[in-house]
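Engineer: Please see the structure below; I have some questions.
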Amino acid sequence: MSNLYAKAYEQSINNPDKFWGSIAEDCHWYKKWDKVLDDSNKPFYRWFTGAETNSCYNAVDLHVDNGNGEQDAIIYDSPVTDTIKKYTFFDLKDRVAKFAGVLTSKGVGKGDRVIIYMPMIPEAVFAMLACARIGAVHSVVFGGFAANELATRINDAKPKVIVSASCGIEVTRVIEYKPLLDEAINLSESKPQTCIIFQRPQATANMIEQRDYDWNDEMAKAVPQDCVHVKATDPLYILYTSGTTGQPKGVVRDNGGHMVALKWTMKAVYGVDKGDVYWAASDIGWVVGHSYIVYGPLFKGCTTILFEGKPVGTPDAAAFWRVISQHKVKTMFTAPTAFRAIKREDPNAQLMKNFNLSCFNYLFLAGERLDPDTLSWAQNALKIPVIDHWWQTETGWAIAANCVGLHRFDVKPGSPTKAVPGWNMVVLGPDGRAARAGEIGAIVAKLPLPPGTLPTLWQNDQRYVDSYLTMFPGYYETADAGFIDEDGYVYVMARTDDIINVAGHRLSTGAMEEVIAEHPDVAECAVMGVEDKLKGQIPLGMMVLNAGVDRDNDEIVKEVVDLVRSKIGPVAAFKTATVVKRLPKTRSGKILRGTMRAIADKKKYKIPATIDDHTTLDEIEESLGKIGYGNKA
């Protein structure tokens with residue numbers, strides 16, 4: 001078994017044509033490729049040039065044609081509306097073909113863009129697949145995004161149609177989408193011809209005549225559409241990276257390489273096969289939702305869970321265990337933040353004991369660095385492999401992972417294990433030279449990137465080159481820093497700009513966070529480098545405590561400072577930390593370290609469009625002011 005990974009990895013790097021060409025045979029093609037890897041226009045590599053396929057056919061129709069139409073394709077589980085609905089592949093094909101007819105009736109054709117601004121409901125998935133069915137390019141924008149941010153995406157994608165819903169539902173409130181959508185269209189220079197609105201019972205959207213159309217009315221008269229042939233190199237979707245300002249970065253995903261890579265990862269990385277139930281507890285507004293709620297599981301013929309809820313609060317910290325048990329989930333994928341929230345509410349995992357989790361084989365975590373303390377808690381509570389893996393919006397799938405379908409390696413806390421086949425990973429120092437084993441530097445991937453990654457940015461080749469390929473010629477810059485050890489394990493310690501320079505020593509904030517997280521009272525934490533006249537930068541820690549902790553905060557801070565001093569040493573100059581109620585995060589669970597650093601350093605900052613709750617920034621300003629940082633000091 002161990003040789004399976006080694007053989008796959010070696011062939012993927014040294015003979016990518018043979019490796020990916022063989023894997024691609026598992027997909028449906030109307031026309032085979034002329035070339036597996038086309039490197040005739042470096043650095044714009046293309047995969048499967050000359051081939052024709054259809055992503056919707058591979059995700060939906062293929063399973064019906066192969067006799068699996070009765071199998072559940074989607075299980076929609078919505079604790080916020082007390083709804084569970086199941087859709088077979090027959091059901092999915094029927095609804096997707098009809099909505100493709102709706103789009104066609106509104107003038108949408110191959111290459112046209114459609115923005116999807118929806119909550120976690122089945123209709124959002126139908127809309128994505130319907131676009132793929134007719135060769136339109138979808139761009140999903142997280143439901144409830146601010147109007148001005150939606151407007152920048154409308155201006156960049158120039159959609160012919162926008163598909164939305166009347167509202168999204170959070171734990172404590174209903175968010176009406178239509179007023180935000182109307183304002184965004186008013187703000188944008190590019191105007192969609194048509195909006196299609198799915199009315200939910202929790203709120204009714206006001207419709208604008210001759211522009212807005214009701215989803216159900218249109219579906220009732222739709223003429224179902226067949227799948228069209230698209231080139232493997234044609235764009236499937238645009239996904240805008242979080243936190244962009246001004247002109248957003250639209251990551252492009254093609255049809256052919258995306259399909260080949262994602263279908264392969266389901267078994268090779270996640271250990272699931274057709275018929276298995278797979279759950280990515282994320283949102284379709286993020287890359288995880290695109291890759292592993294919609295496309296990856298459906299390409300493989302898995303049953304995918306569409307969950308409209310939260311890890312805590314819908315109704316409590318047992319929400320995940322209930323879904324896993326009830327729907328027989330084999331593999332789950334979510335963010336470490338979700339598990340830190342569960343751990344904070346239920347530190348002894350008492351609620352887990354109420355559910356039969358014997359179906360559950362693997363837990364995969366990604367999106368934020370998995371601290372060893374959270375890893376240990378999950379392993380001890382679940383008694384199954386808990387697997388950290390690392391990837392990005394741009395890459396579309398894992399860069400480094402413990403590939404359980406090839407060979408499950410021993411876990412090293414703090415590491416997402418080894419580079420996945422296809423990824424030639426190197427650590428480079430500031431001078432561009434290769435770092436020694438264990439030496440921190442910029443983690444980069446040697447070109448060409450494997451299939452399924454971004455071939456470019458939407459209508460902006462130069463920005464693609466400037467953003468990712470210029471700093472280290474011949475390599476893709478991940479903007480993450482870390483090291484690779486002597487066994488080939490990758491350690492992602494921080495974003496490149498989170499490596500701080502304390503009196504000439506380059507130190508990882510991630511390593512300090514690991515130590516702080518070991519403290520029994522700490523639920524989660526963040527460390528960032530703040531400006532210091534003497535040392536250049538010094539680390540500043542922010543900590544959220546476990547529920548029910550009733551101790552003096554100053555005592556806990558002192559213990560944490562001592563812990564970092566003993567584990568990392570005086571060179572870290574870690575002397576300042578504070579307890580906060582909450583850490584500001586994006587909706588995908590990433591902690592906004594850069595924004596907190598700007599607050600501490602009294603610098604101007606833009607509230608990120610992806611922030612989950614902007615009131616957390618007010619709380620951070622207050623907390624930092626009490627210890628002498630920021631404008632409220």
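In this text, residue positions in the sequence shown follow UniProt numbering: the first is 1, and each later residue adds one.
Each residue gets a CB set at the ideal place from its N, CA and C atoms; glycine is no exception.
Would you mind sorting residue 82 into buried or exposed? The rule is 16 or more other CB atoms within 10 Å of its CB.
Structural biologist: Reading the sequence shown from its first residue, position 82 is the one you call residue 82. Under this definition residue 82 is an exposed residue.
Engineer: Quick one: what's residue 235 bridged to in DSSP?
Structural biologist: By 1-based counting over the sequence shown, the position of residue 235 is 235. Answer is 254.
Engineer: Does the distance from the C-beta atom of residue 394 to that of residue 453 stay below 8 angstroms?
Structural biologist: Working through the sequence shown from its first residue, we reach residue 394 at position 394. Working through the sequence shown from its first residue, we reach residue 453 at position 453. Yes, these two residues count as a Cβ contact at 8 angstroms.
Engineer: Please identify the residue among 576, 391, 295 whose C-alpha is closest to the C-alpha of residue 445.
Structural biologist: Start at 1 with the first residue of the sequence shown, and residue 445 comes out as number 445. Comparing Cα-Cα distances from residue 445 to each of 576, 391, 295, the minimum goes to 391.
Engineer: How should residue 614 be labelled, buried or exposed, when 16 other C-beta atoms within 10 angstroms of its C-beta is the threshold for buried?
Structural biologist: One-based indexing of the sequence shown puts residue 614 at position 614. When all chains shown are included, residue 614 counts as exposed.
Engineer: List in chain order: all unbroken beta strand (DSSP E) runs of 3+ residues lying wholly within the stretch 318-376.
Structural biologist: Within the stretch 318-376, the complete beta strand (DSSP E) runs of at least 3 residues are 331-334, 362-365.
Engineer: To the nearest angstrom, report how far apart residue 564 and residue 548 are at their CA atoms.
Structural biologist: Translated into the one-based positions of the sequence shown, residue 564 becomes position 564. Translated into the one-based positions of the sequence shown, residue 548 becomes position 548. Cα to Cα, the separation comes out at about 24 angstroms.
Engineer: From residue 349 to residue 211, what distance separates their C-alpha atoms?
Structural biologist: Residue mapping note: residue 349 aligns to position 349 of the sequence shown, counting from 1. Residue mapping note: residue 211 aligns to position 211 of the sequence shown, counting from 1. Each residue's alpha carbon lies about 51 angstroms from the other.
Engineer: For residue 407, which three-state DSSP category applies?
Structural biologist: Sequence index remark: in the sequence shown, residue 407 carries index 407 (1-based). Three-state result, residue 407: coil.
Engineer: Taking the beta carbon of residue 208 as the centre, do at least 16 other beta carbons fall within 10 Å, making it buried, or is it exposed?
Structural biologist: By one-based count along the sequence shown, residue 208 stands at place 208. Flag for residue 208 reads exposed.
Engineer: Residue 382: which of 368, 112, 355 sits nearest, CA to CA?
Structural biologist: Your numbering for residue 382 matches position 382 in the sequence shown. It is 355 whose Cα lies nearest to the Cα of residue 382.
Engineer: Is the beta carbon of residue 69 closer than 8 angstroms to that of residue 99?
Structural biologist: Start at 1 with the first residue of the sequence shown, and residue 99 comes out as number 99. Start at 1 with the first residue of the sequence shown, and residue 69 comes out as number 69. No, Cβ-Cβ distance for residue 99 and residue 69 is not below 8 angstroms.
Engineer: Leaving out five residues before and five after residue 28 in sequence, what residues of the same chain have Cβ atoms less than 7 angstroms from its Cβ?
Structural biologist: As a working mapping, residue 28 is identified with position 28 in the sequence shown. If we look at residue 28 and ignore the five residues flanking it on each side, its Cβ neighbours are 53, 57, 58, 62.
Engineer: What does the alpha-carbon distance come out to for the pair residue 193 and residue 229?
Structural biologist: The residue you call residue 193 lines up with position 193 of the sequence shown. The residue you call residue 229 lines up with position 229 of the sequence shown. Answer to the nearest angstrom: the Cα atoms are 25 angstroms apart.
Engineer: Taking contact to mean 3 or more Cβ pairs, one atom from each stretch, closer than 8 angstroms, check whether the stretch 333-352 and the stretch 303-313 are in contact.
Structural biologist: With a cut-off of 8 angstroms, the stretch 303-313 and the stretch 333-352 count as touching, because enough Cβ pairs lie within range.
Engineer: Less than 8 angstroms between the C-beta atoms of residue 375 and residue 413, yes or no?
Structural biologist: Here the question's residue 375 lines up with position 375 in the sequence shown. Here the question's residue 413 lines up with position 413 in the sequence shown. Yes, these two residues count as a Cβ contact at 8 angstroms.
Engineer: Grab the span of the beta strand (DSSP E) containing residue 537 for me, first residue to last.
Structural biologist: Numbered from its first residue, the sequence shown carries residue 537 at position 537. Looking at the DSSP string, the run of the beta strand (DSSP E) that includes residue 537 is 536-545.
Engineer: Near residue 449, which residues of its chain fall below 6 angstroms by C-beta distance, leaving aside the five closest residues on each side in sequence?
Structural biologist: Translated into the one-based positions of the sequence shown, residue 449 becomes position 449. Cβ within range, chain order: 476.
Engineer: Going by C-alpha distance, which of 40, 39, 443, 227 is nearest residue 110?
Structural biologist: Residue mapping note: residue 110 aligns to position 110 of the sequence shown, counting from 1. Cα-wise, what sits closest to residue 110 is 227.
Engineer: If residue 305 and residue 75 are in contact, beta carbons under 8 angstroms, what's the gap, nearest whole angstrom?
Structural biologist: Taking the sequence shown and counting its residues from 1, one reaches residue 305 at position 305. Taking the sequence shown and counting its residues from 1, one reaches residue 75 at position 75. Between residue 75 and residue 305 the Cβ distance is about 5 angstroms, and since that is below 8 angstroms, they are a contact.
Engineer: Look at the alpha carbon of residue 577 and the alpha carbon of residue 541, and state the distance between them as a whole number of angstroms.
Structural biologist: Translated into positions along the sequence shown, residue 577 becomes position 577. Translated into positions along the sequence shown, residue 541 becomes position 541. The straight-line gap from Cα to Cα measures roughly 4 angstroms.
Engineer: Between which two residues does the alpha helix (DSSP H) carrying residue 20 extend?
Structural biologist: In the sequence shown, counting from the first residue as 1, residue 20 sits at position 20. First-last of the alpha helix (DSSP H) with residue 20: 16-24.
Engineer: Using the three-state DSSP reduction, which class does residue 419 fall into: helix, strand or coil?
Structural biologist: Here the question's residue 419 lines up with position 419 in the sequence shown. Residue 419 falls in the strand class under three-state DSSP.
Engineer: Can you find at least 3 beta carbon pairs, one from the stretch 581-589 and one from the stretch 602-619, that sit closer than 8 angstroms?
Structural biologist: Touching, yes, given that three or more Cβ pairs across the two stretches are closer than 8 angstroms.
Engineer: In whole angstroms, what is the alpha-carbon distance linking residue 437 and residue 417?
Structural biologist: Stepping through the sequence shown from its first residue, residue 437 is reached at position 437. Stepping through the sequence shown from its first residue, residue 417 is reached at position 417. Straight-line Cα distance between these residues: approximately 14 angstroms.
Engineer: Just to confirm the assignment, what range does the beta strand (DSSP E) spanning residue 278 have?
Structural biologist: To locate residue 278, count along the sequence shown from 1; it is residue 278. That run of the beta strand (DSSP E) goes 277-280.
Engineer: Which residue wins for smallest C-alpha separation from residue 135, given the options 360, 483, 274, 108?
Structural biologist: Residue mapping note: residue 135 aligns to position 135 of the sequence shown, counting from 1. It is 108 whose Cα lies nearest to the Cα of residue 135.
Engineer: Do residue 239 and residue 140 come within 8 angstroms of each other at the CB atom, strictly closer than that value?
Structural biologist: Position 140 of the sequence shown, counted from the start, is the residue given in the question as residue 140. Position 239 of the sequence shown, counted from the start, is the residue given in the question as residue 239. Yes, they are a contact pair.
Engineer: Hey, out of 148, 290, 49, whose CA is closest to residue 35's CA?
Structural biologist: The residue labelled residue 35 in the question sits at position 35 within the sequence shown. Considering only alpha carbons, the answer is 49.
Engineer: Helix, strand or coil, according to DSSP, for residue 215 in the structure here?
Structural biologist: Position 215 of the sequence shown, counted from the start, is the residue given in the question as residue 215. Helix, per DSSP.
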